[in-house]
Amino acid sequence: MSGILATQLISKQFQVISMNDGTKAFERIKAEQPDIVLLDIILPGVSGFDILDQLKRDESTRAIPVLVLSNLGSREDIQRGISLGAEGYLVKANNMVEDIVKKVGAILDKPH
Numbered sequence: 044m045s046g047i048l049a050t051q052l053i054s055k056q057f058q059v060i061s062m063n064d065g066t067k068a069f070e071r072i073k074a075e076q077p078d079i080v081l082l083d084i085i086l087p088g089v090s091g092f093d094i095l096d097q098l099k100r101d102e103s104t105r106a107i108p109v110l111v112l113s114n115l116g117s118r119e120d121i122q123r124g125i126s127l128g129a130e131g132y133l134v135k136a137n138n139m140v141e142d143i144v145k146k147v148g149a150i151l152d153k154p155h
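If you count the sequence shown from 1, position 48 lands on 91 in this note's numbering, and the numbers rise without skipping.
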């Protein structure tokens, strides 16, 4: 997650935990039980699609909403993310930080 995005989320009273290692992401998410996960697809060690699939298959993490933020923006990538259970899929290059913060707020306002 970019520092700018993290700063904006913190300024809106969100607690932010950031990880750069995809191989440890699932266990950390399972342990922390965050309100939402912002997930990139291109990660070191493992695909974000694999993490998303694992999150949605596990009973303890299934209900956590996932918003994919990626530079992969093909129709197939977006469809795959949504079909795996992502609450939304935003292409980084097409969205301003403010748009992402608004989407996070909108997802968290929905009943899950």
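Built from N, CA and C at the ideal position, the CB exists for glycine as well.
Rounded distance between the beta-carbons of residue j and residue i, thought under 8 Å
| i | j | result |
| --- | --- | --- |
| P108 | I150 | 5 Å |
Of the listed residues the options, nearest to residue i (C-alpha basis)
| i | options | result |
| --- | --- | --- |
| I60 | V80, V140, L95, Y132 | V80 |
| D96 | E130, N114, D78 | E130 |
| M139 | R71, S113, E70 | S113 |
| R100 | G128, D152, Y132, I143 | G128 |
| V134 | D93, D152, I84 | I84 |
| P77 | I121, E141, R105 | R105 |
| A68 | T50, D152, G124, S90 | S90 |
| D93 | L110, G65, E102, E75 | G65 |
Residue i, buried or exposed, once every other Cβ within 10 Å from all chains shown has been counted against 16
| i | result |
| --- | --- |
| S126 | exposed |
| A136 | exposed |
| I72 | buried |
| I47 | exposed |
Curious, which full-length alpha helix (DSSP H) runs of at least 4 residues does the stretch 87–133 contain? 91–100, 118–126
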